[in-house]
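Participant: Got a structure for you, written out below as structure tokens; questions coming shortly.
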Amino acid sequence: MSVVYEASDGVVVVRLERPERMNALSGEMLEELSLVFERACADESLRAVILTGAGERAFSAGTDIKELQHLDVEGARRASLRGQRACATIESCTVPVIAAVNGIAAGGGCELALACHIRLASESATFSLPETKLGMLPAYGGTQRTARSVGTSRALELMLTGQSLSAHDALRYGLINRVVEPAHLLMEAQALARTISGLAPLAIRACLKAVTRGIDLPLEQGLELEAELFSSLFETEDVREGTRAFLEKRPPVFKGR
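Heads up, the sequence shown is in our numbering, so the first residue is 1052 and it goes up one at a time.
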């Protein structure tokens, strides 16, 4: 397996496990990623997922170029759709997905990170979309998600120049949430996952749905979705427990129902 799935106490670590190739993404790995995240989405006991890469050099150096070298038009379309499916499965996951970017995130690797809901990066991490240097464009959703994350102008600068951003520049651009010392990256991601895990799971899932679905809707429809999700939570025990615990000045005990 080139994608490892490790579950513990409601948190899953998904690891790209191809360090000898800097976790370059083969077609097989992308298929595995889709299956792994479908599995995660179906697990109601799950509270958060961390996506990271094996080794210290790379989160993922991007698509395995050897697989792209001899593609025809139809093969290229299938490759793009396969990568888009993997990224869409990550983005649509019903629990928060935290990227722990431990090194180079180039091309498809950067696109995987962009599909995650929250992004932490090691101080040694770099981010790039260098496909134009190969006569291509980012095709796993990168042209769309980058612009939505950092704005059209900065997204185009990244793609048209193929330049690499340091972790601190990526933070300044708004591409990531936090820069962490390399030795502490996974611990920080796990601590964040535990914080999320301690909150009301149905409310967390509702927040994800409101944002990830609502962002592509006109504001009025997004507000309707928000109100619908808010009101639906009042059928749950967790809302009663949360409000009762607040008034009783004690920690709530959420059960996800």
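By construction, the Cβ of each residue, glycine as well, lies at the ideal position given by its N, Cα and C atoms.
Remember, it's a predicted structure, so these values are computed and weren't measured experimentally.
When you compare the CB positions of alanine 1244 and glycine 1293, do they come within less than 8 Å of one another, or not?
Facilitator: Against a cut-off of 8 Å, the Cβ pair of glycine 1293 and alanine 1244 comes out as no contact.
Participant: Within 10 angstroms of the Cβ of valine 1148, are there 16 or more other Cβ atoms? Answer buried if so, exposed if not.
Facilitator: Flag for valine 1148 reads buried.
Participant: Taking all protein chains shown into account, do 16 or more other C-beta atoms lie within 10 angstroms of the C-beta of methionine 1080, making it buried, or fewer, making it exposed?
Facilitator: Answer is buried; the Cβ neighbour count reaches 16.
Participant: Just confirm the distance between the C-beta atoms of methionine 1052 and glutamate 1068, as a whole number of angstroms; I'd bet it's less than 8 Å.
Facilitator: That pair is a contact at about 7 Å.
Participant: Which of the three DSSP states is assigned to phenylalanine 1305 in this structure?
Facilitator: In this structure, phenylalanine 1305 counts as coil in the three-state DSSP scheme.
Participant: Cα separation between leucine 1180 and phenylalanine 1297?
Facilitator: Rounded to whole angstroms, leucine 1180 to phenylalanine 1297 spans 46 Å at the Cα level.
Participant: The beta strand (DSSP E) that contains valine 1063, what's its start and end?
Facilitator: Note, valine 1063: beta strand (DSSP E), 1062 to 1067.
Participant: With a CB to CB cut of under 6 Å and the five nearest residues on each side skipped, what residues in its chain are close to glycine 1311?
Facilitator: This structure leaves residue 1311 out entirely; the chain is present only between 1052 and 1308.
Participant: Consult DSSP for glycine 1213 and reduce its assignment to one of helix, strand or coil.
Facilitator: Glycine 1213: coil per DSSP, three-state reduction.
Participant: Inspect the beta-carbon positions of leucine 1171 and glutamate 1239 and report whether they are closer than 8 Å.
Facilitator: In contact: leucine 1171 and glutamate 1239 (Cβ atoms closer than 8 Å).
Participant: In the DSSP assignment, find the beta strand (DSSP E) that holds glycine 1193 and state where it starts and stops.
Facilitator: Per DSSP, glycine 1193 belongs to no beta strand (DSSP E); it is in the alpha helix (DSSP H), 1193 to 1201.
Participant: In the DSSP assignment, the alpha helix (DSSP H) including threonine 1140 goes from what residue to what residue?
Facilitator: 1124 to 1142 is the span of the alpha helix (DSSP H), which, as asked, contains threonine 1140.
Participant: Mind checking glutamate 1125: buried by the 16 CB within 10 Å criterion, or exposed?
Facilitator: That one is exposed.
Participant: Give me whichever residues DSSP pairs with leucine 1102 in a beta bridge.
Facilitator: DSSP, once it has assigned bridges, lists Val1065, Ala1150 as partnering leucine 1102.
Participant: Hey, would you say the C-beta of glycine 1078 is under 7 Å away from at least one heavy atom of the ligand SAH?
Facilitator: For the structure depicted, the ligand SAH is absent and the ligand set is empty, with no information on it obtainable.
Participant: Count the other C-beta atoms from every protein chain shown that fall within 10 angstroms of the C-beta of arginine 1199, then say buried if there are 16 or more, exposed otherwise.
Facilitator: Answer is exposed; the Cβ neighbour count stays below 16.
Participant: When we look at the beta-carbon of alanine 1164 and count the other beta-carbons within 10 Å, is it buried (16 or more) or exposed?
Facilitator: So alanine 1164 counts as buried.
Participant: Got a sec, what are the start and stop residues for the beta strand (DSSP E) alanine 1172 sits in?
Facilitator: Looking at the DSSP string, the run of the beta strand (DSSP E) that includes alanine 1172 is 1169 to 1173.
Participant: Following the continuous beta strand (DSSP E) through glutamate 1182, name the residue where it begins and the one where it ends.
Facilitator: Note, glutamate 1182: premise wrong, no beta strand (DSSP E); not H, not E.
Participant: Going along the chain, which residues of its own chain have a beta-carbon closer than 8 Å to the beta-carbon of glycine 1134, five neighbours each way excluded?
Facilitator: Cβ within range, chain order: Leu1076, Leu1081, Thr1114, Gly1159, Glu1162, Ala1190, Tyr1191, Gly1192.
Participant: Judging by CA-CA distance, which residue of Leu1236, Glu1277, Arg1108, His1235 is the nearest neighbour of isoleucine 1155?
Facilitator: When each option's Cα is compared against that of isoleucine 1155, the closest is Arg1108.
Participant: Can the beta-carbon of threonine 1140 be found closer than 8 Å to that of serine 1096?
Facilitator: Against a cut-off of 8 Å, the Cβ pair of serine 1096 and threonine 1140 comes out as no contact.
Participant: Starting from the C-beta of threonine 1103, find all residues in its chain whose C-beta is less than 6 Å away, skip the five residues before and the five after it, and write them out in chain order.
Facilitator: Answer for threonine 1103: Arg1066, Ala1151, Asn1153, listed in chain order.
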